[in-house]
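Chemist: Numbering (the numbering used here), first residue to last: 438 to 1000.
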RNA sequence: UGGGGCGUAGCCAAGCGGUAAGGCAACGGGUUUUGAUCCCGUCAUACGCAGGUUCGAAUCCUGCCGCCCCAGCCA
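(1) My guess is that residue 613 and residue 557 are in contact by the Cβ rule of under 8 Å, so how many angstroms apart are they, rounded?
(2) Which runs of the beta strand (DSSP E) spanning at least 3 residues fall entirely within the region 640 to 670, listed in chain order?
(3) Name the two residues that bound the continuous beta strand (DSSP E) containing residue 605.
(4) My output table needs one value for residue 485: the three-state DSSP class, helix, strand or coil.
(5) Are three or more beta carbon pairs between the region 867 to 876 and the region 782 to 797 nearer than 8 Å?
(6) At 4 residues or longer, and completely inside the region 762 to 804: list those alpha helix (DSSP H) runs for me, N to C.
(7) State the CB to CB distance for the pair residue 877 and residue 855, rounded to an integer number of angstroms; the pair is presumed to be in contact (CB under 8 Å).
(8) Determine which residues share a DSSP beta bridge with residue 509 and list them.
(9) DSSP three-state call for residue 617: helix, strand or coil?
(10) Hey, residue 596 and residue 632 are a contact pair by Cβ (cut 8 Å); roughly how many whole angstroms apart?
(11) What number of angstroms, rounded off, separates the C-alpha of residue 438 from the C-alpha of residue 752?
(12) Going by DSSP, name the residue or residues bridged to residue 910.
(13) Identify the continuous beta strand (DSSP E) that holds residue 760 and give its terminal residues.
(14) Among the residues of its own chain, which have a CB less than 7 Å from the CB of residue 998, if the five just before and after it don't count?
(15) Short check: CB of residue 702 to CB of residue 919, under 8 Å?
(16) Just grab the DSSP bridge partners of residue 593 for me.
(17) Give me the DSSP bridge partner(s) of residue 976.
(18) Report the three-state DSSP secondary structure of residue 807 (helix, strand or coil).
(19) Whether or not the region 970 to 982 and the region 922 to 931 are in contact is what I'm after, with contact meaning three or more pairs of Cβ atoms, one per stretch, closer than 8 Å; do they touch?
(20) Kindly identify the DSSP beta-bridge partner or partners of residue 723.
(21) For residue 880, which of helix, strand or coil comes out of DSSP?
(22) Please report the distance separating the alpha-carbon of residue 636 from that of residue 643.
(23) So does the region 620 to 627 actually touch the region 640 to 660, counting three or more Cβ pairs closer than 8 Å?
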């Protein structure tokens, strides 16, 4: 990271060196190549920021290329979702939207080129036989009996594959490299397989489809990619990537560079696992606010800026890491702290009657929308004889550090008066159901003579004026730090969602969808764009506020228990 | 046990032969009508381990150790 906060990771260093050396005429071109078989998650956000970010920084371009080489797994449904998510993150591919399938005709020609050069052959071994012939990690493989077919025969066979004369699995086109290579990717890797399935874009034009290594390398080379950035698991494939570039007449020579993928604690990033969560209804959909998908984060109230900041802060290296959730939370708090207006909402209400306040009177008090951004203005909140406070802001027998309400104690009602707890009302079961308090009229906020200071200030709403609103308190989806996804029952957090009916200040009743608020002393909340109705907002908790009391309380209580 | 990678603080991460940046977390203090924010300070005699080269090593060399990835007609 340099002084401006611009990352200077190893990939940027390589790209800068390539540019300085005049490679590719100084041109920088990258690509983000998602397979349209699922929704994008925060791991993809890292790839997107790296691919688009680096191109942008070097005055280059980045393509959004759908890697649609497997018609049995992919679906057009995901394409629009992916485009929306990339755009939402703040990146623009302009007219550089492509598909691997755009290059199918050229790829076919290049495969033929390989056959003509004696570097590819049609293999009639079965899937199982190919596996057996491949050898193991420690033993070399054996050559297929079909490996030495003539160029003419291979040409004809491949053409017949293309025409649909063979069934799926009957044969495959393989590169002829080295069955004894210590790198298994070089043991005559399959290039084309038969799939008699219509393709989302090319329909029934093809019944043979290129495999990843061939398709990806050629897409890069044909498209003009200069730097092909991918994750660590493809490091072993680089020799094959380069073998294609060395053996085929392609117009460009891209360079593949690998970096580590994002791992987040308490999160599962495998597409298969995410799909399972959706299909087995553990969550409400791909965009459930508990999902690590970009659409989930968006609905939770995360901003694209906060996610980009997060990606910037974690850096790009080849080291496998496991990022703490706290860092992500810190990023969204930083962002929302400056942009979110403040409001009062009582999540778990306890009634207070102000015994010396007239029953028929209402005072409208001015409250700042933001503590440090006065340009955001103010609003008024009604104060009356009956108010609601957070149940947790009263303790009958508190530890000494507790400076909110207790019997006989005083607390300031934010933007209003200091009140004193005169009486605790309980039901037959001994539960506190109401507090009777007195207020000190000389302590009104903003009066210029606010009287005494008290240690605690709490938020509140007028009982009569409060609106009721559904508030969804989201927490981490998994309760274990390193979920495997293998045993969802054991790993899922049973309280990842708690729905409460909160009492909110009147100004919140018509909060528009997708607006962010800080409910003072509670957290940041986002008006759900799916569940909200006009006049009936549903609030999603994006993240809690930092809470140093929670720690203190833990210590105080354990201390009390010991003492 | 073949091949490819990676080891700097609790979690990330700079460093590129000249004496360990920064962020998150934690801890201490200040401001505060949000126990928030903000501000100040503390936090690696130490870079997986052991040798070696050098006036000088996290950086170079050697040997160990640990972790990850690879045996789909998935990507």
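By construction, the Cβ of each residue, glycine as well, lies at the ideal position given by its N, Cα and C atoms.
Modeler: In this structure, then:
(1) 6 Å
(2) 645 to 647 and 664 to 668
(3) Where residue 605 is concerned, there is no enclosing beta strand (DSSP E), because DSSP gives it neither an H nor an E.
(4) helix
(5) Contact holds: three or more Cβ-Cβ distances are below 8 Å.
(6) Complete alpha helix (DSSP H) runs here, min 4: 762 to 776.
(7) Confirmed, Cβ separation roughly 5 Å.
(8) None; residue 509 has no bridge partner.
(9) coil
(10) Actually they are not in contact, since the Cβ atoms of residue 596 and residue 632 sit about 17 Å apart, beyond 8 Å.
(11) Because residue 438 sits at a pLDDT of 46, beneath the cut-off of 50, its placement in the model cannot be relied upon, and the point is left open.
(12) Bridge partners of residue 910 according to DSSP: 935.
(13) Unbroken run through residue 760: none, as it is neither H nor E.
(14) Because residue 998 carries a pLDDT of 49, less than 50, the predicted location of this residue cannot be relied on, and no value is offered for it.
(15) Yes, Cβ-Cβ distance for residue 702 and residue 919 is below 8 Å.
(16) Looking at the DSSP assignment, residue 593 forms no beta bridge with any residue, so it has no partner.
(17) 908 and 964
(18) coil
(19) no
(20) DSSP lists no partner for residue 723.
(21) helix
(22) 8 Å
(23) yes
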